[in-house]
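There are 2 protein chains.
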Amino acid sequence: MKCRKCGGAAVLELRRHNAAFCSPHFIEFFDKQVAEAIHAHRMFTREETVLVAVSGGKDSLGLWDTLIEAGYRTAGLYLDLGIYDYSKESRDKCEAFAAARRQTLHVERVEEAVGAPIPEVQKVTRRPTCSACGLSKRYLMNRAALAHGYAVVATGHNLDDEAATLFGSVLHWQTDALSRQSPALPSTHVKLVRRVKPLYRLSELETAAYAFLRRIDYIVDECPFSKGATSLAHKEVLNRLEEVSPGAKHNFLFGFLDKARPAFERVHPVPLQECRVCGQVTTGDLCAFCKLADQVKRHRTPLTVAPTARE
Amino acid sequence: MKCRKCGGAAVLELRRHNAAFCSPHFIEFFDKQVAEAIHAHRMFTREETVLVAVSGGKDSLGLWDTLIEAGYRTAGLYLDLGIYDYSKESRDKCEAFAAARRQTLHVERVEEAVGAPIPEVQKVTRRPTCSACGLSKRYLMNRAALAHGYAVVATGHNLDDEAATLFGSVLHWQTDALSRQSPALPSTHVKLVRRVKPLYRLSELETAAYAFLRRIDYIVDECPFSKGATSLAHKEVLNRLEEVSPGAKHNFLFGFLDKARPAFERVHPVPLQECRVCGQVTTGDLCAFCKLADQVKRHRTPLTVAPTARE
């Protein structure tokens with residue numbers, strides 16, 4: 027197996043690209059895919075500072091690494107979910123990464139914001155696995171970006187993540203979710219920052235290879251709550267389809283973005299307003315995060331706090 | 027397990043409906059689903075004669091049976107694909123079915139129309155498995171219906187078939203195919219008959235149970251060419267999703283029809299014209315069937331017939 031670029035010994039074969047690369051040329055390929063993503067969706071400029079949401083895993087630390095290498099101004103945001111040792115270890119990885127590269131790392135604790143760590147939140151809410159956590163993360167990312175003055179948050183979602191999310195939305199034809207499935211979500215309100223996914227062109231295998239070849243020290247364990255998550259089941263299905271026809275995931279996601287997404291774009295976007303409790307954007311009167319926090323609070327002190335005591 | 031209707035011993039459990047039925051009440055359920063399909067999509071009236079395309083399998087003979095029982099005027103159409111013993115046996119089943127119920131059965135031979143039986147056509151064309159056969163069947167169904175004066179052709183496609191087709195179209199976001207995915211395709215040209223699928227609300231398990239309980243003598247073997255077909259791989263994926271969450275196929279297909287299909291409907295339908303060779307409808311100058319027949323003809327007599335000798 028020879029590198030497509032230099033003919034030297036390849037370290038990685040990319041079947042869907044019908045190509046193989048040596049280590050330096052794979053990293054070049056990776057960087058180019060990120061550059062192409064940023065350019066095609068005008069994700070951010072070199073004048074902006076990008077807030078990179080990092081979990082300590084290969085994707086988000088790989089993303090932060092490639093952005094630093096490309097010369098972008100960045101800062102990190104670590105959301106401490108309070109998931110036992112998993113959170114402690116992943117926080118350590120992020121802090122070590124940031125310190126070694128002299129980058130700012132902001133840390134937000136979910137427990138402080140929602141009133142309990144994620145394991146306890148999971149028990150209180152009837153939302154399916156990952157749902158309350160995802161909601162909290164999106165909320166805190168936006169709040170932290172606004173608080174520290176960043177106009178854009180970048181997340182480490184890769185091609186496999188995006189294809190699996192799309193697959194889930196398509197199985198139920200969730201037209202709302204389909205209209206929001208995009209590598210770049212614009213700011214549609216002064217209190218809503220841009221959200222971008224510069225790794226959406228790269229598969230999970232590719233982000234893992236990048237992190238390995240760049241010697242990034244990341245947390246290998248998956249979140250202990252992700253076991254049995256629907257998104258993992260969908261990833262398995264897509265992996266099987268990919269085995270049979272390489273490029274299946276890419277074609278599914280990119281075909282959607284090119285040909286089908288326009289059909290689902292809202293003619294009239296949902297008007298956003300400010301939550302009456304926290305002031306962050308919401309489509310209703312009280313935002314979903316404040317409802318969740320209220321649920322947690324009532325669960326913790328069921329007898330002493332009346333249902334409306336939050337206000 | 028008790029019948030939902032009468033409390034008697036159930037013979038079949040339908041997990042996606044969270045119900046079980048005894049034999050007579052399952053047949054009642056089946057008939058009602060067909061009636062609902064016909065009504066919801068105004069497939070045909072009691073004044074029309076429906077041409078039922080039959081292959082000798084459980085779905086199409088089950089469809090013909092339920093339509094006869096419901097008192098519709100029907101006739102059968104058997105397309106002889108010339109696939110060795112498989113075609114002989116399936117033709118026998120159709121002829122015996124029609125004779126026992128005193129129904130007209132029209133027979134068309136693919137070999138006569140396209141110039142060779144399907145096994146030979148498969149070798150000549152580069153189209154993937156089932157593609158040339160599907161094209162020939164759709165063409166001959168329409169031609170036979172026009173020739174014998176039927177305004178509507180009904181096929182035995184069930185929920186699993188329709189969900190698998192949708193799945194394939196979605197994986198590649200084939201927007202043309204998505205716009206045509208419907209239980210009822212209207213006539214958009216005087217030489218194009220309506221095509222309807224009254225079994226689209228019923229799963230493969232349900233059509234098999236109906237054929238069994240109604241003691242229909244059908245061909246159990248699958249077409250020998252279907253092995254390895256993409257549609258079978260897609261059916262497997264959907265079966266796995268169905269196992270995990272009963273109703274997955276139904277939600278996928280019906281969610282599409284309810285929520286997403288309108289997004290893919292063409293604002294300006296493709297104008298149809300008559301093929302310059304055969305006079306049947308086509309979007310171009312020469313229809314796909316005549317192109318295929320020409321390919322077959324040239325392959326059979328490569329030295330004596332010039333490429334344009336067809337005219």
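These protein sequences, in sequence, are chains C and Y.
Numbered by the working numbering, the letters in the first sequence go through residues 27 to 337 in order.
Numbered by the working numbering, the letters in the second sequence go through residues 27 to 337 in order.
Using N, Cα and C, we set each Cβ at its ideal position, and we do this for glycine too.
Note that this is a predicted model, so its numbers are computed, not measured.
Ignore the nearest five residues each way along the sequence and tell me which others in residue i's own chain have a CB closer than 8 angstroms to its CB.
i                      : result
residue 35 of chain Y  : 27, 28, 29, 48
residue 58 of chain Y  : none
residue 33 of chain C  : none
residue 61 of chain C  : 96
residue 109 of chain C : 143, 144, 145, 249, 250, 251
Mind checking if residue i is an interface residue toward chain C, Cβ cutoff 7 angstroms exclusive?
i                      : result
residue 254 of chain Y : no
residue 174 of chain Y : no
residue 196 of chain Y : yes
residue 337 of chain Y : Reliability of the predicted coordinates at residue 337 of chain Y is poor, the pLDDT of 41 falling under 50, and the value obtained from them is presented with this limitation in mind. Not closer than 7 angstroms to any Cβ of chain C, the Cβ of residue 337 of chain Y fails to qualify, so no.
Is there a Cβ of chain Y sitting closer than 7 angstroms to that of residue i, yes or no?
i                      : result
residue 201 of chain C : yes
residue 331 of chain C : Interpretation of residue 331 of chain C is limited by its pLDDT of 49, a score under 50 that renders its predicted location unreliable; no figure is taken from the coordinates.
Would you mind sorting residue i into buried or exposed? The rule is 16 or more other CB atoms within 10 Å of its CB.
i                      : result
residue 100 of chain C : buried
residue 311 of chain Y : exposed
residue 270 of chain C : exposed
residue 321 of chain Y : buried
residue 316 of chain Y : buried
residue 122 of chain C : exposed
residue 299 of chain C : exposed
residue 117 of chain C : buried
residue 337 of chain C : Unreliable positioning characterises residue 337 of chain C in this predicted model, as indicated by a pLDDT of 41, which lies under 50. A coordinate reading is not provided.
residue 44 of chain C  : exposed
residue 236 of chain C : buried
residue 243 of chain Y : exposed
residue 111 of chain Y : exposed
residue 38 of chain C  : buried
residue 253 of chain C : exposed
residue 160 of chain Y : exposed
residue 65 of chain C  : exposed
residue 233 of chain Y : buried
residue 305 of chain C : exposed
residue 190 of chain Y : buried
residue 63 of chain Y  : buried
residue 173 of chain Y : exposed
residue 216 of chain Y : exposed
residue 180 of chain C : buried
residue 175 of chain Y : exposed
residue 284 of chain C : exposed
Using C-beta distances below 7 angstroms, list every residue in its chain close to residue i, excluding the 5 sequence neighbours before and after it, in chain order.
i                      : result
residue 291 of chain Y : 205
residue 177 of chain C : 74, 219, 220
residue 325 of chain C : 150
residue 319 of chain C : 140, 141
residue 288 of chain C : none
Excluding sequence positions up to five away, which residues of its chain have a Cβ less than 6 angstroms from the Cβ of residue i?
i                      : result
residue 286 of chain C : none
residue 8 of chain C   : Chain C is shown only over 27 to 337; residue 8 of chain C falls outside these bounds and no answer can be derived.
residue 134 of chain Y : 105, 166, 170
residue 272 of chain Y : 41, 42
Let me check you understand the geometry: is the CB of residue i closer than 6 angstroms to at least one non-hydrogen atom of the ligand ADP?
i                     : result
residue 66 of chain Y : Absence of the ligand ADP from the depicted structure is noted, as is the absence of any ligand whatsoever, leaving it without description.
Taking beta-carbon pairs under 8 angstroms, can you tell me which members of the region 277–294 of chain C lie near chain Y?
277, 278, 281, 282, 284, 285, 286, 289, 290
In chain order, what residues of the region 258–270 of chain C put their CB closer than 8 angstroms to some CB of chain Y?
259, 263, 266, 267, 270
Whether or not the region 225–232 of chain C and the region 183–191 of chain C are in contact is what I'm after, with contact meaning three or more pairs of Cβ atoms, one per stretch, closer than 8 angstroms; do they touch?
yes
Spell out a yes or no on whether the region 194–203 of chain C and the region 211–227 of chain C are touching, meaning 3 or more CB-CB pairs, one atom from each, closer than 8 angstroms.
no
What residues in the region 45–69 of chain C have a beta carbon less than 7 angstroms from any beta carbon of chain Y?
none
Three or more C-beta pairs below 8 angstroms linking the region 105–117 of chain Y and the region 74–89 of chain Y:
yes
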